[in-house]
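I have placed the structure first, in the form of structure tokens, so that the comments after it can refer back to it.
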Amino acid sequence: VVTTIHGFSSPGILPVYKKYNGKVFYVSISDADRSPDLDYIKTIHHGLDINQFDFQLEPDDYLIFFGRIHHDKGPKEAIEIATACNKKLVLAGIIQDEAYYKKYIVPHLDNSNVVYAGSAGPVQRNQLLGKATALLHPINFNEPFGLTVIESMACGTPVIAFNRGSMPELIENGKNGFLVNTIGEAIAAVGRVKDINRAYCRHRVEQYFTINRMVEEYIQVYGMILDKRKGQKYRE
290 VVTTIHGFSS PGILPVYKKY NGKVFYVSIS DADRSPDLDY IKTIHHGLDI NQFDFQLEPD
350 DYLIFFGRIH HDKGPKEAIE IATACNKKLV LAGIIQDEAY YKKYIVPHLD NSNVVYAGSA
410 GPVQRNQLLG KATALLHPIN FNEPFGLTVI ESMACGTPVI AFNRGSMPEL IENGKNGFLV
470 NTIGEAIAAV GRVKDINRAY CRHRVEQYFT INRMVEEYIQ VYGMILDKRK GQKYRE
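Residue 525 is where the sequence shown ends in the working numbering, and the numbering goes up by one at each step.
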């Protein structure tokens, strides 16, 4: 059995995985998301259908936050960054924490500098991500992957992300975005996104984060398992 672990929902789930350690083959979605208590056969990053994302060479003058409206994802920090840069910010995503939304987001919604676009479907997603100057991803947790990051880059839009979780596996600092540690560093990075080659952002996804690459790596995993089992009983 191959089991892909998409993050750990709570510490309480780990003993369940440990119970089957050595009996199943675990795949992680990033190196950052691996538990030292488990044995993994491979890390396989998520992939996307690049044809579903339109490349945009010329962006408009706004920043985008695309994700859950929740402390973990950092929309409050995104507002702080955009406001300090005097840039328009568009927020898109489901409201997962209503109290957080009312306390930290609503007071800034003035329909000019900070705009909440709601939950965006594929067409609106492409437009919002592709025409943005940069995606702000100031996460407050060790994110296991971050699909929005590669979706943004597929559109040609660089990403400014807090340097934690899987972000160093997705972002080449200074090439397809910036890894930062503080809001101050993020503010400085906004001024440097014009130096990022948007075509390279797209190329990076085409090279490392396509669905075809992901499928090929899973096929490799099954091949590795078959090689391990040659001449052996599959299960005792």
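Note that CB positions come from ideal geometry on N, CA and C, so glycine has one too.
Quick caveat: nothing in here was measured; it's all calculated off a predicted structure.
Task: Helix, strand or coil at GLY466 [DSSP, three-state] - done: strand
Task: Start and end residues, alpha helix (DSSP H) containing SER299 - done: Careful: SER299 lies outside any alpha helix (DSSP H) and carries neither H nor E.
Task: SER401 (DSSP reduced to helix, strand or coil) - done: coil
- [ ] Determine, using beta carbons only, whether SER455 and GLY435 come nearer to each other than 8 Å.
- [x] yes
TODO: Determine the DSSP secondary structure at ALA423, reduced to helix, strand or coil.
DONE: strand
- [ ] Count the CB pairs spanning the segment 354-366 and the segment 421-432 that are closer than 8 Å, and state whether there are at least three.
- [x] yes
TODO: Go ahead and pull the three-state DSSP assignment for LYS312.
DONE: coil
TODO: For ASP526, I'd like the list of residues in its chain whose CB is within less than 7 Å of its CB, leaving aside the five on either flank, ordered along the chain.
DONE: In this structure the chain extends from 290 to 525, so residue 526 is not present and cannot be described.
Open item on the list: So the candidates are PHE344, GLU366 and ILE472; which of them puts its Cα closest to the Cα of ASN415?
Closed with: PHE344
Open item on the list: Going by beta-carbon coordinates alone, are ASP350 and THR422 separated by less than 8 Å?
Closed with: yes
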